[in-house]
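Chemist:
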Amino acid sequence: QMFDAKNMMCAADPRHGRYLTAAALFRGRMSTKEVDEQMLNVQNKNSSYFVEWIPNNIKASVCDIPPKGLKMAVAFAGNSTAIQEMFKRVAAFLHWYTGEGMDEMEFTEAESNMNDLVSEYQQYQDATAEEEGEFDEEEGEYDQ
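Have a look at this one:
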């Protein structure tokens with residue numbers, strides 16, 4: 001359920017991208033070992049949805065106090081390249097702003113930044129561990 005598109009807080013289907021990293025906070029009575037085993041199992045069964053070049057990219061923690069009214073719950077945060085779907089849709093709303101008197105040129109820099117972000121996520125999605133090149137941490141770009 002944690003990775004199900006219906007449970008995401010935005011309309012970006014994680015099956016259309018790959019997870020760079022993810023974190024899950026479990027609440028309730030359960031063993032840390034069991035949680036770690038299940039998270040590894042999910043990652044192994046769905047390996048095509050996780051980038052291979054970031055090892056151990058899912059972190060989990062357990063709080064043994066369940067939320068009121070429930071036996072257990074989980075809060076999940078994932079950084080998936082599927083978010084580029086949302087970024088691409090942002091431009092679809094430009095006409096609402098220009099119709100209210102804003103100049104389209106005011107959006108030029110924002111659009112350029114958004115396109116750069118989409119391109120960067122696409123690079124991360126397509127990258128493999130075997131590719132030659134290095135990640136330039138200062139500029140935040142993957143050099144090929």
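Residue numbers (the UniProt record's numbering): 1 to 144. Using N, Cα and C, we set each Cβ at its ideal position, and we do this for glycine too.
#1: If you reduce the DSSP assignment to three classes, tell me which class Thr81 lands in.
#2: Considering only residues of the same chain and omitting the five flanking positions on each side of Gly78, which have a CB-CB separation below 6 Å?
#3: With H, G and I counted as helix, E and B as strand and the rest as coil, what does DSSP make of Thr128?
#4: Mark Phe50 as exposed unless 16 or more other C-beta atoms lie within 10 angstroms of its C-beta, in which case mark it buried.
#5: Does the Cβ of Phe26 have 16 or more other Cβ atoms within 10 Å, making it buried, or fewer, making it exposed?
#6: Measuring straight from C-alpha to C-alpha, what distance separates Ala110 and Ala92?
Modeler: Once the coordinates are examined:
#1: Locating residue 81 in the sequence shown gives position 81, counting from the first residue. In the three-state scheme derived from DSSP, where H, G and I count as helix and E and B as strand, Thr81 is classed as helix.
#2: For the purposes of this step, residue 78 is taken as the residue at position 78 of the sequence shown. Excluding sequence neighbours, Gly78 sits near Tyr19, Ala22.
#3: As a first step, residue 128 is located in the sequence shown; it is residue number 128 there, counting from the start. In the three-state DSSP reduction, Thr128 falls in the coil class, being neither helix nor strand.
#4: Within the sequence shown, numbered from 1, the residue matching residue 50 stands at position 50. So Phe50 ends up on the buried side.
#5: Counting from one through the sequence shown, the residue named residue 26 turns up at place 26. With a threshold of 16 other beta carbon atoms within 10 Å, Phe26 meets it and is buried.
#6: As a first step, residue 110 must be located in the sequence shown, where it is residue number 110. As a first step, residue 92 must be located in the sequence shown, where it is residue number 92. CA-CA distance, Ala110 to Ala92, rounds to 14 Å.
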